[in-house]
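When you number the sequence shown by our numbering, it's gap-free, plus one each residue, and the end is 440.
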Amino acid sequence: MKKIGIIGVGYVGLVSGAGISDFGHKVVCADIDGKKIESLKKGQIPIYEPGLKELVDRNVKSNRLLFSSEIDKTIKDSDIIFIAVGTPEGSSGEVDLSHVFDVAVEIAKNLDKYKIVCTKSTVPVGTGKKIKEIINSNKLHAVDFDYVSNPEFLREGSAVKDFLWPDRVVIGCESDVAFKSMIEVYQPLFRNKKPIIQTDISTAEMVKYASNAFLALKISYINEVANLSEVLGCDIKVVADLIGQDGRISPKFLHPGPGYGGSCFPKDTKALVKLAKKANLHIKTITAAIEANVYQKERMFFKLESLLKGNVKGKTIAILGLSFKPNTSDIRESSSIDIISNILKAGGTVKAFDPIANRSMKKIFPNIKYYSNWQKAVNNSDCVVIMTEWNEFRSLDLIDLKKRLKTPLLLDTRNIYDPQKLLELGFSFDTVGRKKNINY
Ligand code: UGA
């Protein structure tokens with residue numbers, strides 16, 4: 001059993017801390033935000049993440065998972081310290097690493113014996129080297145430490161599952177002692193034959209960015225093929241399904257939609273482009289993926305406009321789904337923000353509903369109306385737009401939906417509904433890369 005300290009109790013820190021304690025280690029999750037720590041001690045989870053509360057409760061009960069606002073004590077008491085603080089986007093698209101570097105100084109000041117310092121936060125290639133320099137130049141005792149880069153591949157909404165059943169665990173480190181310790185941390189996965197791979201530090205840092213950028217690229221690619229399919233009269237659902245059956249391509253992340261959002265893809269793609277620029281390279285594919293995504297978000301509004309025959313002014317539009325993806329309350333970079341903002345600019349009215357994210361969106365758009373169920377949002381609206389593929393939007397009673405609308409106009413940006421069925425029911429509708437009918 002290892003003694004682990006996790007610094008930063010955001011989404012990554014909390015899921016990782018709870019997951020590692022579930023592997024049988026003693027974990028202290030520490031944060032300078034005393035309020036957050038106090039509510040965690042009371043069993044309140046600050047984020048909506050399926051399965052997280054159960055995981056936290058189970059390990060708190062077994063005394064393996066504790067919360068603390070004493071960063072210094074947590075560092076002193078740990079064999080391995082994970083840095084899991086936020087790395088938000090800085091002013092010019094570069095990553096703001098100030099929180100990571102602050103933690104590095106704090107670790108240096110409290111380094112009283114050999115420890116492993118491991119970064120989980122997403123940081124650009126070369127950050128590990130800087131963290132090592134900061135610790136070496138600020139440490140008060142002549143003690144050694146090893147540095148590890150251990151990027152996370154957790155998706156919001158399925159982070160617990162992703163942590164407990166990962167495809168791979170990447171350990172970037174230059175010391176066999178540190179690698180052995182990290183294997184012990186992830187021992188249960190090792191027994192489950194999940195690959196735990198050692199690389200050098202900068203390679204591990206690159207794996208994280210390259211993975212996210214590739215997935216973003218894949219989404220932008222399928223979105224562009226969907227847009228072309230619309231014009232040429234092909235069905236993207238069939239196209240994506242059949243190209244995905246090629247093992248070299250895989251069916252995952254081939255779902256066209258209103259453009260990717262979230263706290264990771266938009267930020268990480270921009271950071272990779274910046275990183276390349278600094279190295280005097282131009283990553284054309286990723287730059288194109290970013291541009292295609294900006295356009296995709298705008299395109300959803302153009303679709304709405306054409307469903308409404310160009311007259312958004314004075315119309316009431318029901319928006320179903322506000323989070324950037326299902327099973328999360330996170331609305332960061334959500335395509336819903338773009339469409340709502342465009343509707344309001346054009347003089348339309350928005351009635352919004354999300355099973356979880358109404359409150360988050362209220363902070364951005366305090367003046368639109370939020371409803372407690374889809375039926376209320378849709379009542380008397382001129383058009384309904386499905387923005388997030390929450391399960392409850394997958395099985396709407398379409399006959400009831402049509403009756404509630406003033407005019408039967410539907411924009412399905414997640415391709416949930418069969419165009420043929422919508423046609424038969426008399427909807428005027430549009431999709432992303434499938435059939436449309438805008439004859440109302
Ligand atoms: C992403 C990565 O998938 C994780 O592996 C990574 O650890 C995480 O970023 C991170 O860096 O922390 P996340 O942003 O939570 O995870 O969610 P995704 O499931 O990747 O979805 C991102 C966006 O892409 C969403 O807006 C989603 O709707 C969109 N998407 C996804 C599509 O439009 N089509 C698809 O086929 C898949």
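In this text, a Cβ means the ideal position worked out from N, Cα and C, and glycines have one as well.
Bounding residues of the alpha helix (DSSP H) (the contiguous stretch that carries residue i)
i    : result
A104 : 98 to 109
G19  : 11 to 22
I201 : 201 to 232
I6   : Careful: I6 lies outside any alpha helix (DSSP H), inside the beta strand (DSSP E) at 3 to 7.
I438 : Here I438 belongs to no alpha helix (DSSP H), and DSSP marks it neither H nor E.
F324 : Segment: none, F324 is in no alpha helix (DSSP H) and carries neither H nor E.
T442 : Given a span of 1 to 440 for the chain in the structure shown, any question on residue 442 remains unanswerable.
L405 : Here L405 belongs to no alpha helix (DSSP H), and DSSP marks it neither H nor E.
F153 : Where F153 is concerned, there is no enclosing alpha helix (DSSP H), given that its DSSP letter is neither H nor E.
F67  : Looking at the DSSP string, F67 is not in any alpha helix (DSSP H); the run it does join, the beta strand (DSSP E), is 65 to 68.
I337 : 335 to 345
F253 : Element bounds for F253: n/a, residue is neither H nor E.
Buried or exposed by the 16-neighbour rule on C-beta atoms within 10 Å, applied to residue i
i    : result
D176 : exposed
I461 : Examination of residue 461 is not possible in this model, given that the chain is present from 1 through 440 alone.
H25  : buried
L281 : exposed
S104 : The sequence shown places Ala at residue 104, not Ser. Per the 10 Å Cβ criterion, buried.
N494 : As displayed, the chain neither begins before 1 nor continues past 440, which places residue 494 out of reach and without an answer.
N391 : exposed
E152 : buried
G247 : exposed
I399 : exposed
S16  : buried
A142 : exposed
K129 : exposed
D144 : exposed
N59  : buried
R191 : exposed
Proximity below 9 Å, CB of residue i to CB of residue j
i    : j    : result
L409 : V384 : yes
R494 : F429 : An answer regarding residue 494 cannot be provided, because it is not within the stretch 1 to 440 covered by the chain.
I219 : A289 : yes
S329 : A357 : yes
D146 : Y114 : yes
G51  : V28  : no
I83  : I131 : yes
V148 : C118 : yes
G347 : T316 : no
L111 : L66  : no
I286 : L254 : no
A361 : S335 : The question names Ala, but residue 361 in the sequence shown is Met. No. Outside cutoff.
K109 : D72  : yes
M182 : I196 : yes
V125 : G8   : no
K297 : G321 : no
L422 : N439 : no
L304 : V294 : no
L405 : N380 : yes
I32  : S69  : yes
I337 : I368 : no
D102 : R64  : no
Residue range of the beta strand (DSSP E) that includes residue i
i    : result
S149 : 145 to 149
A318 : 316 to 320
D412 : 409 to 412
V56  : Taken as a continuous stretch (DSSP letters only), V56 belongs to no beta strand (DSSP E), being part of the alpha helix (DSSP H) at 52 to 61.
K26  : 26 to 30
F82  : 80 to 83
D430 : 428 to 430
F353 : 349 to 353
T119 : 115 to 119
G172 : 169 to 173
I386 : 383 to 386
Close beta carbons around residue i, own chain, < 7 Å, minus the five adjacent residues each side
i    : result
D268 : T122, Y209, N212, A213
R434 : D235, I236, K237, N415, P419
F179 : I171, C173, Q198
Same chain, Cβ closer than 6 Å to residue i, neighbours up to 5 away in sequence not counted
i    : result
I243 : I249
I283 : V273, A276
S263 : R332
V56  : A18
V225 : none
Y186 : V169, I196
V12  : A84, K120, E152
Y370 : A352, N358
Own chain residues within Cβ distance below 8 Å of residue i, not counting five before or after
i    : result
K402 : P408, L425, G426, F427
P326 : G157, T388, E389, W390, N391
D96  : T87, P88, E89, G90
Any chain C beta carbon closer than 9 Å to residue i
i    : result
V148 : Checking the listed chains, one finds no chain C in this structure; it contains a single protein chain.
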